[in-house]
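First up is the structure itself, then whatever we jot down about it.
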Amino acid sequence: RCKDGRLIDVDSMSHELEFAGRPAALVVVQDITDRKRAAADAERRRQEAESLAELSRVISQSLDSEEVTERIVASVRSLIGAHSAAVCALAPGSRDLVVLGRSGDTSLNLTPNRVVAGGTTLSDLAVERRAPVATPDLLDDPVVVLPADMRARLGETTFRSALAVPLLLKDRVVGTLVLRDRQGRVF
38 RCKDGRLIDV DSMSHELEFA GRPAALVVVQ DITDRKRAAA DAERRRQEAE SLAELSRVIS
98 QSLDSEEVTE RIVASVRSLI GAHSAAVCAL APGSRDLVVL GRSGDTSLNL TPNRVVAGGT
158 TLSDLAVERR APVATPDLLD DPVVVLPADM RARLGETTFR SALAVPLLLK DRVVGTLVLR
218 DRQGRVF
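Counting from 38, one number per residue, gives the positions in the sequence shown under our numbering.
As structure tokens, then:
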């Protein structure tokens, strides 16, 4: 611990010796905080590259769009480290979302082809704002209004933190990616 209270990582070496006729120790301490942080960043980048390579491999293995979508969602969920993920398409001419694929927790019953009515869900906000929207707790966020069945299912789980990201194609919102994790997580 530094004098200012910060915790740092150190590498230390000591050597016993005699100084002015008395036993003594020479101790060398080196701050390695930056080196450890750089190693952790390099490992994170390696894992991301590995996940993207796996995603590329997965996409090339099948022509079945449902299977490819499920695999993409699973890869994104793994990359972000979320408990569950779903990708939805914006239904043409409406604000409804159609679930294309999901991975992880199924407590919200987001099965493929399920239609989630448009309104003020987190995905709706992401579509409207054309920007990612997050909340640490879907049930306590006054801006997010959920269908009754989703609200009831969320009440039975601790995975209530969420991030919704709009999916854009040529400057047009075509859907959303939704990630969920433990209550309180900040995406």
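Just so you know, even glycine gets a beta-carbon here, dropped at the ideal spot from N, CA and C. Just so it is clear, the structure is predicted and the values come from calculations on it, not from any experiment.
Residue i and residue j closer than 8 Å at C-beta
i	j	result
arginine 114	alanine 126	no
alanine 201	valine 152	no
histidine 120	glycine 138	no
arginine 217	alanine 199	yes
valine 182	glycine 155	no
Residue i: first and last residue of the uninterrupted alpha helix (DSSP H) it sits in
i	result
leucine 191	185-192
aspartate 177	Where aspartate 177 is concerned, there is no enclosing alpha helix (DSSP H), given that its DSSP letter is neither H nor E.
leucine 216	From DSSP, leucine 216 is part of no alpha helix (DSSP H) but of the beta strand (DSSP E) over 209-218.
valine 164	159-166
CA nearest to the CA of residue i, picked from the options
i	options	result
cysteine 39	Val64, Thr70 and Leu63	Thr70
valine 47	Ile117, Leu54, Asp68 and Arg59	Asp68
aspartate 178	Glu193, Ala168, Leu116 and Leu162	Leu162
arginine 166	Leu205, Asn150, Leu175 and Val135	Leu205
Bounding residues of the beta strand (DSSP E) (the contiguous stretch that carries residue i)
i	result
arginine 43	That residue, arginine 43, is in no beta strand (DSSP E); it is neither H nor E in DSSP.
valine 202	198-206
valine 170	170-172
Cross-strand partners of residue i (DSSP beta bridge)
i	result
glycine 141	Ser121
arginine 108	Its beta-bridge partners do not exist; DSSP assigns none.
leucine 127	Leu134
Open item on the list: Just to confirm the assignment: which complete beta strand (DSSP E) runs, minimum length 3, are found wholly within the region 42-76?
Closed with: The beta strand (DSSP E) runs lying completely inside the region 42-76 and spanning 3 residues or more are 47-56 and 59-68, given in chain order.
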